[in-house]
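Trainee: Protein chains in written order, with this note's numbering: chain X, 1 to 244; chain L, 1 to 265.
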């Protein structure tokens, strides 16, 4: 069980002012993110977490990856975790693509895995070739996305966390990326992916979890979870479910 | 120290942690000077301007003249500039990298440490260049004891690094700390012998100086580079005790604040 909550810093600043001026309580500015969540995974699990935007799916991944601490309960993770959460975070626009590959390894705490060989693999995979030494600000958004995806994907974790990760670029690159991602999800010990709608990767999953308002509300078969999600949360009629 | 503290402390002993800090520091330097005409040379101009201004004005208004006052400020200004840039800048080290920290698994302490390394680099570039120019111009004489400056700079780096971590980790909880640090550094500039010598102060004020951490840090550098004397046992001990206090304080604040800081970003 791990409740976790953010803090409304603006309200908190106002509360601090109130506290200094009139000694009013500074409590009540915490924003609940996850509540009463019990979650476990074992080797072989391919878990799809489904829910609306803002239901706590990404926060749950961030708790598993260690980005977000928990206020109550326990978090126990064994094995190397690679979170593919909002790839390209921390990229420096002024610096070259090559430099940003190294930076992305550093920001993921994986500098020990970085080498010239892996750098070349990433450059080849991203198909950026000679443009890799140009500043990132000269790249198109598709090129940045390709670099971000390529920098993130060449790691060998025990636990792979995917937060609505989709390859972008031209059709050839998308096909190539999806193939690599599919292999990663298949070969890794545990894969946990979050989505607000099922996609081609959820076909690989053997566990389905539904989240709503910061809580895990159901776990079951793909059919059962999607039916619950569409009918009770998205309020989509049966006819539209078939279309979806 | 319990097991958790030992594990957290080991983070600082990991060579990859320092490689990451150096990488981020290089990135900061490149970002600052990449598109400027003079590049890293700008790091010389700020201390040089201050030296010129103070070396011209202060001897006119000081009651008792200081021998070779220009050299005194040449030694003092870059050191103070380093302290000031690190302390004031550290309040933004974590806040400015909030989005990265929410998405990546990297110790947040690496950002203030990287900023301190970046400022240390610019300090060494400006200090070495200005001091060498002073020797060439006959303002300073080369003395072998100047080579001890890097040795005395190690505890200074540890103190400033600890202070930077302390301020950087408090900043998400108390956003006003940046302004407080800025005002404090302005006050401390005049409370520390940067533009005047400690001997000019009344005896009771000189005693008070031993409680000023910036005086404890800057004194050995002034002794080596200006006075051409090796700091005595007392001065060295003061510096080492201050280092121990700063490291313990910094680590304690880091331990307390690291847990939930991400929610305050």
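Backbone N, C-alpha and C define an ideal beta-carbon position, used for all residues, glycine too.
Everything numeric in this text was worked out from a predicted model, so none of it was measured.
1. Take residue 256 of chain L as the anchor and find which of L/186, L/194, L/38, L/109 has the nearest alpha-carbon.
2. Going by the CB atoms, is the gap between residue 218 of chain L and residue 192 of chain L shorter than 8 angstroms?
3. To the nearest angstrom, how far is it from the Cα of residue 31 of chain L to the Cα of residue 96 of chain L?
4. Identify the contact partners of residue 264 of chain L in chain X, using a Cβ-Cβ distance below 9 angstroms as the criterion.
5. Go ahead and label residue 102 of chain X buried or exposed: buried means 16 or more other beta carbons lie within 10 angstroms of its beta carbon, across all protein chains shown.
6. From the DSSP output, which residues share a beta bridge with residue 6 of chain X?
7. Hey, how far is the Cα of residue 11 of chain X from the Cα of residue 204 of chain X?
8. Any heavy atom of the ligand HEM closer than 7 angstroms to the CB of residue 161 of chain L?
9. For residue 58 of chain L, which residues in the same chain have their Cβ closer than 7 angstroms to its Cβ, ignoring the five residues on either side in sequence?
10. Give, in chain order, every residue of the region 88-112 of chain L whose Cβ lies closer than 7 angstroms to some Cβ of chain A.
11. Tell me which same chain residues have a C-beta within less than 6 angstroms of the C-beta of residue 266 of chain L, skipping the five on either side of it?
12. By Cβ distance below 6 angstroms, which residues in the same chain neighbour residue 67 of chain L in space, the five residues on each side in sequence not counted?
13. CB-CB under 8 angstroms to residue 135 of chain L, same chain, minus the five flanking residues each way: which ones, in chain order?
14. So residue 16 of chain L contacts chain X; which residues on that side make the cut at Cβ distance below 9 angstroms?
15. Can you list the residues of chain X that residue 212 of chain L reaches, using a CB-CB cut of under 9 angstroms?
16. Apply the 10 Å Cβ neighbour rule to residue 66 of chain X and answer buried if 16 or more other Cβ atoms are within range, or exposed otherwise.
17. Using 10 angstroms around the beta-carbon of residue 75 of chain X, count the other beta-carbons present and answer buried if the total reaches 16, otherwise exposed.
18. Does the beta-carbon distance from residue 104 of chain L to residue 160 of chain L come in below 8 angstroms?
19. Okay, do the region 87-104 of chain X and the region 7-14 of chain L touch, 3+ Cβ pairs below 8 angstroms being the bar?
20. In angstroms with no decimal places, state the Cα-to-Cα distance between residue 191 of chain X and residue 60 of chain X.
21. Could you name the residues of chain X that residue 2 of chain L contacts, counting a contact when the two beta carbons are closer than 8 angstroms?
22. Can at least three beta-carbon pairs, one atom from the region 179-197 of chain X and one from the region 41-55 of chain X, be found at a separation below 8 angstroms?
23. Can you name, in chain order, every residue of its own chain whose Cβ lies under 8 angstroms from the Cβ of residue 92 of chain X, other than the five neighbours on each side?
24. Please return the same chain residues whose Cβ sits closer than 6 angstroms to the Cβ of residue 93 of chain L, not counting the five positions on each side in sequence.
25. Write down the C-beta distance between residue 161 of chain X and residue 83 of chain X rounded to the nearest angstrom, noting that I regard them as a contact closer than 8 angstroms.
26. Run through the region 141-217 of chain X for me and flag every whole alpha helix (DSSP H) of 4 or more residues, listed as ranges in chain order.
27. Going by the beta-carbon positions, is the gap between residue 235 of chain L and residue 220 of chain L smaller than 8 angstroms?
28. I'd like to know if residue 171 of chain L contacts chain X, where contact means its C-beta is closer than 8 angstroms to some C-beta of that chain.
29. Sort out for me which residues DSSP pairs residue 96 of chain X with in a bridge.
30. Any idea if residue 52 of chain L is buried or exposed, counting beta-carbon neighbours within 10 angstroms, 16 or more meaning buried?
31. Along chain X, which residues have their Cβ under 9 angstroms away from the Cβ of residue 259 of chain L?
32. Kindly indicate if chain X contains any beta-carbon less than 8 angstroms away from that of residue 27 of chain L.
33. By Cβ distance, which residues of its chain are closer than 8 angstroms to residue 96 of chain X, with the 5 residues on each side in sequence left out?
34. Does the region 121-129 of chain L come close enough to the region 105-119 of chain X that 3 or more CB-CB pairs lie under 8 angstroms?
35. Looking at chain X, is there any beta carbon in it that lies within less than 8 angstroms of the beta carbon of residue 117 of chain L?
36. Check the Cβ-Cβ distances between residue 66 of chain L and every residue of chain X, and say whether any is below 8 angstroms.
Mentor: Let me spell this out:
1. L/109
2. yes
3. 14 angstroms
4. 6, 7, 9, 12
5. buried
6. X/31
7. 43 angstroms
8. No copy of the ligand HEM occurs in the structure displayed, which carries no ligand at all.
9. 69, 195
10. Looking at the structure shown, chain A is missing, and the protein chains on hand are X and L.
11. Shown here, chain L extends from 1 to 265; a query on residue 266 of chain L therefore has no answer.
12. none
13. 141, 142
14. 106, 109, 110, 111, 112
15. Correct list: empty, because the minimum Cβ distance to chain X is about 29 angstroms.
16. exposed
17. exposed
18. no
19. no
20. 14 angstroms
21. None at all; the shortest Cβ gap to chain X is about 18 angstroms.
22. yes
23. 99, 100, 103, 136
24. 111, 112, 115, 168
25. 4 angstroms
26. 141-153, 171-187
27. yes
28. no
29. X/135
30. exposed
31. 69
32. yes
33. 132, 133, 134, 135, 136
34. no
35. no
36. no
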